[in-house]
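Going by our numbering, the sequence shown opens with residue 1046, and the numbers climb by one from there.
The block underneath contains the structure these notes are about, expressed in structure tokens.
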Amino acid sequence: MQPMDTLGRLLGDSAPIAEVRAQAARLLRSAVSPGRRLPPILILGETGTGKGLLAEAIHRDGARGNGPFVDVNCAAIPETLLEAELFGFERGAFTDARQAKPGLFQSANGGTIFLDEAGLLPISLQSKLLKVIEERSVRRLGSTRNEPLDVAIIAATSEDLPLAVQEGRFRADLYHRLAVVTLNLPPLRARGRDVLLLADDFLARICEDYGLPTRTLTQDAQAALLAHPWTGNVRELTNVLERASLLSDGPRLTAQDLGLVAARRPETTREPAESSGDRIELTAIAAIASGIAKGPAGDIAKTTIAALIRVLCPSDGRLAPENPARSAGLPGTTSSTLTPTGPSSAVA
Ligand SMILES: Nc1ncnc2c1ncn2[C@@H]1O[C@H](COP(=O)(O)OP(=O)(O)O)[C@@H](O)[C@H]1O
Ligand SMILES: [Mg+2]
1046 MQPMDTLGRL
1056 LGDSAPIAEV
1066 RAQAARLLRS
1076 AVSPGRRLPP
1086 ILILGETGTG
1096 KGLLAEAIHR
1106 DGARGNGPFV
1116 DVNCAAIPET
1126 LLEAELFGFE
1136 RGAFTDARQA
1146 KPGLFQSANG
1156 GTIFLDEAGL
1166 LPISLQSKLL
1176 KVIEERSVRR
1186 LGSTRNEPLD
1196 VAIIAATSED
1206 LPLAVQEGRF
1216 RADLYHRLAV
1226 VTLNLPPLRA
1236 RGRDVLLLAD
1246 DFLARICEDY
1256 GLPTRTLTQD
1266 AQAALLAHPW
1276 TGNVRELTNV
1286 LERASLLSDG
1296 PRLTAQDLGL
1306 VAARRPETTR
1316 EPAESSGDRI
1326 ELTAIAAIAS
1336 GIAKGPAGDI
1346 AKTTIAALIR
1356 VLCPSDGRLA
1366 PENPARSAGL
1376 PGTTSSTLTP
1386 TGPSSAVA
């Protein structure tokens, strides 16, 4: 059977994402030989950083890729049900147990169980989970018999687990058992230009899914994507792009279409100041000189400061007057010749 490359769906060229893919690939290589199992894996990352995607990719690309992948959101199942759901029960184990039922661990036999939001697992179940991991067997509620299990365990959390351990919300022994192999998914805002790469890929996919004409991003949209904090990470990015694609008319999406504040253009898109820089400095000096020559003392100070601000912080439109050169009495000089990126770079 051809090995799959589901891991390749975790897109991104940034160093931390390349590193996570490489670590996962190394783990998978170490577990290909018969009898070698994957150790428990802990994936850390804020919500929407791709923990579920990574967990499923590790499963699909691994030796159990054709087996079941059982995704359990530990935060979504009420505490009273979680134990029965995870470990199963015998008939009569509790009032409503009219029929025996295998748990999610048994359903994952021969495959992988993905314990999402494991940091929120009730403390009462944490010791049971540790036992399942260590003994590689599970005992249903109301049973006296252990059933052997062949299940890879991947846990994920957005919690600060060491802090949870310190505060007594998470068992230290379970933490150490789970954290032997830890993969860190950084927040999207720490992945540099990956946001643009992801945006292009998602836009193409969204337009195909909805049968929309191809949509691309304007420069101000790209700058806004790079500047946005993305507290909801990749999930927030997909939502923003989906909404904008569906609600905007034109093929070019602007920062406004995305519902994001247009940002200062990143340094790399500025024109190299070499040639324009000299001109700007000269213009500014001329403006200052002209101001000194013409204005009354109060105006001179204002004009001088404004001209300096224009040169030193060209995109800080709030500090500078509309046109410092003109106010300094220089005919035919527009403010755009004083700002290397032009007025459009300072949309606040
Ligand atoms: N690096 C990535 N490349 C492509 N898609 C991604 C990436 N990271 C996340 N996604 C997508 O973003 C969405 C949220 O990811 P998910 O795995 O559910 O995050 P989490 O489990 O950390 O909350 C999913 O649709 C997922 O496929
Ligand atoms: Mg998830």
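Every residue gets a Cβ at the ideal spot worked out from N, C-alpha and C, and that includes glycine.
If you check the CB distance, Gly1155 and Pro1113 come in under 8 Å.
The beta carbon of Pro1167 sits closer than 6 Å to those of Glu1124, all from its chain and outside the five residues before and after it, given in chain order. Judged by their CB atoms, Leu1194 and Ser1182 are nearer to each other than the 8 Å cut-off.
When DSSP states are grouped into helix, strand and coil, Ser1293 belongs to the coil group. Ligand 2 has no heavy atom closer than 7 Å to the beta-carbon of Lys1146.
Residue environment analysis places Arg1185 among the buried positions, since at least 16 neighbouring C-beta atoms fall within 10 angstroms of its C-beta. Here Ala1201 carries a strand assignment [DSSP, helix/strand/coil]. Proximity to Ala1069 across Arg1082, Ile1086, Ala1163, Val1115 peaks at Ile1086, based on C-alpha coordinates. Of all C-beta pairs linking the stretch 1202-1213 to the stretch 1253-1263, fewer than three are shorter than 8 Å, placing the two stretches out of contact.
In this structure, Gly1164 keeps its C-beta atom at 8 Å or more from the C-beta atom of Thr1189. Going by DSSP, Asp1245 is part of the alpha helix (DSSP H) stretching over 1239-1255.
Look at Asp1141: its beta carbon is at least 7 Å from all of the heavy atoms in ligand 2. The beta carbons of Ala1120 and Phe1159 sit no closer together than 8 Å. Gly1304 is the residue among Glu1253, Gly1304, Phe1139 whose C-alpha sits nearest the C-alpha of Val1285. Using a Cβ distance threshold of 8 Å, Arg1105 and Met1049 count as a contacting pair. When the Cα atoms are used, Ala1249 and Thr1092 turn out to be separated by approximately 24 Å.
Residue burial annotation: Ser1290 is buried, with at least 16 other C-beta atoms found within 10 angstroms of its C-beta. Asp1058 sits close to Asp1239, with the two beta carbons spaced by under 8 Å. A heavy atom of ligand 1 is found nearer than 7 Å to the CB of Val1279. A straight-line Cα-Cα distance of about 44 Å links Leu1174 and Ala1269. In the structure shown, the three-state DSSP call for Pro1123 is coil.
At least one heavy atom of ligand 1 sits closer than 7 Å to the Cβ of Leu1055. DSSP links Val1226 through a beta bridge to Ile1086. In the DSSP annotation of this structure, Leu1099 is not part of any beta strand (DSSP E); the continuous alpha helix (DSSP H) holding it starts and ends at 1096-1106.
DSSP places Asp1195 in the coil class of the three-state scheme, outside both helix and strand. For Glu1135 and Gly1295, the gap between their C-alpha atoms comes out near 60 Å. For Leu1270, the enclosing alpha helix (DSSP H) has its first and last residue at 1264-1272. For Leu1160, the uninterrupted beta strand (DSSP E) segment begins and ends at 1157-1161.
Secondary structure note for Val1306: it is in no beta strand (DSSP E), with a DSSP letter that is neither H nor E. A Cβ-Cβ separation of about 7 Å places Leu1089 in contact with Leu1230 under the 8 Å criterion.
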